[in-house]
Amino acid sequence: MIQYQNSLKNIRADQLEGFFVGWPNPPTPTTHLKILKRAAHVLLAMNGSSVVGFVTAISDGILCAYIPLLEVLPSHQHQGIGSELMRRMLEMLREIYMIDLLCDSDLQAFYSKVGMEKSSGMLVRNFARQSGI
Ligand SMILES: CC(C)(COP(=O)(O)OP(=O)(O)OC[C@H]1O[C@@H](n2cnc3c(N)ncnc32)[C@H](O)[C@@H]1OP(=O)(O)O)[C@@H](O)C(=O)NCCC(=O)NCCS
Numbered sequence: 004m005i006q007y008q009n010s011l012k013n014i015r016a017d018q019l020e021g022f023f024v025g026w027p028n029p030p031t032p033t034t035h036l037k038i039l040k041r042a043a044h045v046l047l048a049m050n051g052s053s054v055v056g057f058v059t060a061i062s063d064g065i066l067c068a069y070i071p072l073l074e075v076l077p078s079h080q081h082q083g084i085g086s087e088l089m090r091r092m093l094e095m096l097r098e099i100y101m102i103d104l105l106c107d108s109d110l111q112a113f114y115s116k117v118g119m120e121k122s123s124g125m126l127v128r129n130f131a132r133q134s135g136i
């Protein structure tokens, strides 16, 4: 049974092992916990005491929000957890005018299903800092 929570109370770095799959130089679990703490909004998907998915949003709290990170552990994918995290995050951001994210084109159908629209974007990636500052 998956539970969803927006609190980081009692969450430890060692509960965040296994994320950033495929990243050559990923943030450590300790850095991951800092990222979650500094985000304006965070949601965790919990299987008992294990964190199996998360989504973050950064925001000015007035007009704009950006969703930089959404991930579900491979062992828990294809069970609707990612969609539920996104539905709940969009509900948390419902008063915000612009809510943006970037994704590969193969994921656009996934985000369309939770009510987002296709767009185009631009980005910079500083790969030397992929594990965080
Ligand atoms: C994207 C992600 C969060 C989806 O989580 P999930 O819990 O499996 O999502 P759901 O079960 O709600 O939906 C799964 C559906 O999403 C779509 N989907 C998921 N990953 C996909 C991918 N890489 N390409 C295309 N479609 C994808 C499929 O339609 C899939 O349907 P299926 O289960 O019938 O195969 C998860 O695959 C993940 O963590 N991926 C790695 C990190 C990532 O890509 N994050 C998004 C960054 S923009």
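Sequential numbering of the sequence shown, starting at 4, is according to our numbering. Note that beta-carbon positions come from the ideal geometry of N, C-alpha and C, so glycine has one too.
- In this structure F130 is exposed. Its beta-carbon is surrounded by fewer than 16 other beta-carbon atoms within 10 angstroms.
- Relative to G56, the option among K12, G21, K121 whose CA is nearest is G21.
- With contacts defined as CB atoms closer than 8 Å, I38 and C67 fail to qualify as a contacting pair.
- Between the stretch 9-19 and the stretch 30-46 there are three or more C-beta pairs closer than 8 Å, enough to call the two in contact.
- Counting only residues of its own chain and dropping the five nearest sequence neighbours on each side, W26 has a CB closer than 7 Å to the CB of Q133.
- Here E120 is exposed. Its C-beta has fewer than 16 other C-beta atoms within 10 Å.
- Secondary structure of L104 (DSSP, three-state): coil.
- Ligand 1 approaches H81 closely enough that one of its heavy atoms is under 7 Å from the residue's Cβ.
- The continuous stretches of beta strand (DSSP E) do not include T33, which lies in the alpha helix (DSSP H) extending over residues 32-41.
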